[in-house]
Amino acid sequence: MKKFAFLFAAVFTGLIMVSCGSTKVSRVDSDEVIDLDGYWNESDVRIVCDSLIEECISSPRIAKFEGQQGRAPVVIIDSIRNQSSEHIDTSIVEKKFQTAIINSGVMEFVSSSTERQALREEKADQADHSTYDTAKEMDQETGADFMLKGSVKTIVQSAGDKTVRTYYVYAELHDIRTNKIVWMAENDSIKKVIKRQKAKL
């Protein structure tokens, strides 16, 4: 009985020590590459987006449009689809594209379909409750010239304790009026070799 009580006390004390253990958090520079598990991460987003965005805003088709129309083209984002073998929040990629392109001044963006619906509801509410001078009119929206679409795909090869994971990120601009694809690019620079350590018995 004493032996059992001693064992119970030892286990209980160990659990308390584990639960009370401190957590160490270190802040690092946002440009520092941290890859803990070999899956898609923020460094990959930055590398891929920087490359594709630069190609997009320097496209001759974009310069041609501005020269012909006398204004910057207006773009709407459809979606960057995740067609990979893992969970990827592609909304981060979409927002990074949108932010960088807007800040470049080369193209302008209009709200997404979900955002437009919320804005229309707000304008309808203003029509009923806001003053005439401040209420925003319906039918004053800017139509998009192009739609930005894309996808993330992976090819995974495994042999023994080693896995090679390659990411393919595609982006393209569609002319909404003609349905023509006016620009397309891909980035396959993210390739990772992951070697899993075998569990020691």
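Going by full-length UniProt numbering, the sequence shown opens with residue 1, and the numbers climb by one from there. Even glycine gets a Cβ: it sits at the ideal position worked out from N, Cα and C.
On the three-state DSSP scale, how would you describe residue i?
i: Lys180; result: coil
i: Val110; result: coil
i: Asn103; result: helix
i: Asp125; result: helix
i: Ser130; result: coil
i: Glu186; result: strand
i: Ile194; result: strand
i: Asp44; result: helix
i: Lys136; result: coil
i: Glu115; result: helix
i: Ser91; result: helix
i: Glu55; result: helix
i: Lys24; result: coil
Checking the sheet assignment: what are the DSSP bridge partners for residue i?
i: Asp50; result: DSSP output for Asp50 lists no bridge partner at all.
Can you tell me where the beta strand (DSSP E) with residue i in it begins and where it stops?
i: Arg165; result: Lys162 to Asp175
i: Gln157; result: Phe146 to Ala159
i: Ile77; result: Val74 to Asn82
Would you mind reading off the limits of the alpha helix (DSSP H) that contains residue i?
i: Gly67; result: Pro60 to Gln69
Legend entry - Sufficient close CB pairs (3 or more, under 8 Å) joining the region 121 to 135 to the region 70 to 89: no
Inset, instruction - Check whether the region 170 to 178 touches the region 146 to 156, taking contact to mean three or more Cβ pairs, one atom from each stretch, closer than 8 Å. - result: yes
Legend entry - Stretch pair the region 54 to 70 + the region 126 to 141: three plus CB contacts closer than 8 Å: no
Inset, instruction - Report yes or no: do the region 159 to 169 and the region 184 to 199 share at least 3 C-beta pairs separated by less than 8 Å? - result: yes
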